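**Q**
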Amino acid sequence: MKEQARHITTDLVHHSYQAPPAFAAIQPAVHKASTVIFDSMHDMRTRRWLDKSGFTYGLHGTPTTYQLEERLCSLEGGKQCLLVPSGLSAISTVALGLLSAGDEVLIPDNAYGPNKDFAEHELARWGIRHAWYNSMDVADLQAKITPATKLVWLEAPGSVSMEFPDLVALVQASRARGVTTVLDNTWGAGLAFKPFDLLADGGSVAVDVSAHALTKYPSGGGDVLMGSIITTDNAVHMRIKLTHMRLGIGIGANDAELVLRSLSSIAVRYHAHDVSARVLAAALQRQPAVVQLLHPAFAGAPGHAHWQQLCGAAHQGQGAAAGLFSVVVDAQFDQAAIDRLCDSLQLFKLGYSWGGPMSLVVPYDIDSMRAGGRGALQAGTVVRFCVGLEDTQDLLRDLAQAWEKAFGQAWVQ
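If you use numbering that gives the first Met the number 0, the sequence shown corresponds to residues 0 to 412, in order.
#1: Quick one: does the C-beta of Asp196 sit closer than 6 Å to a heavy atom of the ligand SAM?
#2: Could you pull out every unbroken alpha helix (DSSP H) segment of at least 4 residues lying fully inside the segment 228-314, listed in chain order?
#3: What first and last residue would you give for the alpha helix (DSSP H) that runs through Ser352?
#4: Can we say the segment 152-161 touches the segment 20-40, given the rule of at least three CB pairs closer than 8 Å?
#5: Any contact between the segment 188-199 and the segment 165-173? By contact I mean 3 or more CB pairs, one from each, below 8 Å.
#6: Sorted by chain position, which residues of the same chain lie with C-beta nearer than 7 Å to Leu414's C-beta, five sequence neighbours on each side aside?
#7: What separation, rounded to the nearest whole angstrom, lies between the Cα atoms of Ala118 and Thr180?
#8: If Gly219 and Gly355 are in contact, beta carbons under 8 Å, what's the gap, nearest whole angstrom?
#9: Let me know if Ala252 comes out buried or exposed under the rule of 16 or more other beta-carbons within 10 Å of its beta-carbon.
#10: Closest by CA to Val413, which one among Pro295, Trp48 and Ser325?
#11: Please return the same chain residues whose Cβ sits closer than 8 Å to the Cβ of Cys72, not counting the five positions on each side in sequence.
#12: Thinking C-beta only, is Val35 closer than 7 Å to Phe415?
#13: Starting from Leu95, follow its DSSP beta bridges and name the residues at the other end.
#14: Rounding to the nearest angstrom, what Cα-Cα distance links Ser209 and Glu256 in this structure?
#15: Quick check on DSSP: helix, strand or coil for Tyr363?
#16: Tell me, please, which residues DSSP counts as bridged to Gln79.
#17: Since I believe Thr92 is in contact with His243 (beta carbons under 8 Å), could you give me their beta-carbon distance rounded to a whole number of angstroms?
#18: Give me the Cβ distance between Ala399 and Arg339, rounded to the nearest whole Å; I'm assuming they're in contact under 8 Å.
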């Protein structure tokens, strides 16, 4: 009996053609899947995803996401990586994976604001306590560690105010009390220093977890939201990974493709941002309206010696720093003058985030962001500059014209 022909709609779903396997290209293939097909019931029962030996469901990984995870491990010197939808998602997933009711987390007072907000409003509802510590005072951290402390967050440099802590000493103080450390490594990006190989006298120390907002330098385009959680200890990794799985966290294949495409140029871009930012920072430091430059690569900036110790060997001994810095504008200039500065800039746009091709500017009320006061910061308004990939001289001219309009002072060359 002649086999009945299948309807075209069936053939379009179950088409017999398979592309030949040998295909090589510069960019990795993009694999999109929710359902993953198994060869047999035995295959379905025995295939495993926790150790990346196989694929079971799109949420648990595809060849595309596995490749991105492994390349990020190479970038930061880790062994295991989890991808999440944003840098803040990396922060919250780590906290949920490693903390339980009755535990305590210590967070730098100058940390990324949403990290502090998550502890205040979400972790607190689950009976997890929190406290802020002064990241520039190792003794303050030591004094605040209690038997309930299970997690210490680190950030180098601090958010907006850019103080660079003694990261090695903070890690050592935490390890001495058996407390897990997590570093927000977005600024360093795996290039300024290695989070799992922090050079210390007579050896090295390592953080336990690195959380990274891939939205910034790994993406580099200002068009992708993604984060990563990287570890070297398998037990720590599995605790976070199982929480990651139970929360149903996943990322899109096209977003993974964009970050993979950008990773090959991250070191070149990072250095370009850095070089341009230092030129602009030096120029702003010469202006009478600036009472303080907050850039860890500059002598006199809070924590400069710690930056030099940790990052000084990168980029041919010149030290590595991101294209991000802040200045403190003299308190004699009111908010209207600060707003006039920001509104007069043409190439620097008003917008959050950083690490993309376009330069950005944002003023901050630092007093409302810190529980422990201004620390080493001078009185005045903090204005943060994210330096993009525009021509440095064009950016200087933009700063000069806006500066004169805002403060009525001639630009000092």
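Ideal Cβ placement from N, Cα and C applies to all residues, glycine included.
Treat the numbers as computed from the prediction; the structure is a model and nothing was measured.
**A** With the given structure in hand:
#1: This structure lacks the ligand SAM, and indeed carries no ligand of any kind.
#2: 233-245, 252-262, 265-284 and 303-310
#3: Residue numbering aside, residue 352 sits at position 353 when the sequence shown is read from its first letter. Neither: Ser352 is in no alpha helix (DSSP H) and is coded neither H nor E.
#4: no
#5: yes
#6: Outside the displayed range of the chain (0 to 412) lies residue 414, so it cannot be described from this structure.
#7: Start at 1 with the first residue of the sequence shown, and residue 118 comes out as number 119. Start at 1 with the first residue of the sequence shown, and residue 180 comes out as number 181. For Ala118 and Thr180, the distance between alpha carbons rounds to 16 Å.
#8: One-based indexing of the sequence shown puts residue 219 at position 220. One-based indexing of the sequence shown puts residue 355 at position 356. Going by Cβ atoms, the distance from Gly219 to Gly355 rounds to 6 Å, so yes, they are a contact pair.
#9: Residue 252 sits at position 253 when you count from the first residue of the sequence shown. Its Cβ being crowded by 16 or more others within 10 Å, Ala252 is buried.
#10: With the chain represented from 0 up to 412, any question about residue 413 goes unanswered, as that position is not in the structure.
#11: For the purposes of this step, residue 72 is identified with residue 73 of the sequence shown, where counting begins at 1. Hits under 8 Å: Lys78, Gln79, Cys80 and Ile229.
#12: This structure cannot speak to residue 415, because the chain is shown only from 0 to 412.
#13: The residue labelled residue 95 in the question sits at position 96 within the sequence shown. Leu95 pairs with nothing; no bridge assigned.
#14: Locating residue 209 in the sequence shown gives position 210, counting from the first residue. Locating residue 256 in the sequence shown gives position 257, counting from the first residue. Going by the C-alpha atoms only, they are around 22 Å apart.
#15: Here residue 363 refers to the residue found at position 364 of the sequence shown. In the structure shown, Tyr363 sits in a strand (DSSP, three-state: E or B).
#16: Here residue 79 is taken as the residue at index 80 of the sequence shown, counted from 1. DSSP output for Gln79 lists Thr230 as bridge partner(s).
#17: In the sequence shown, the residue the question calls residue 243 occupies position 244. In the sequence shown, the residue the question calls residue 92 occupies position 93. So it is a contact: roughly 6 Å between Cβ atoms.
#18: Residue numbering aside, residue 399 sits at position 400 when the sequence shown is read from its first letter. Residue numbering aside, residue 339 sits at position 340 when the sequence shown is read from its first letter. Not quite, the Cβ-Cβ distance comes to about 14 Å (not below 8 Å), so this is no contact.
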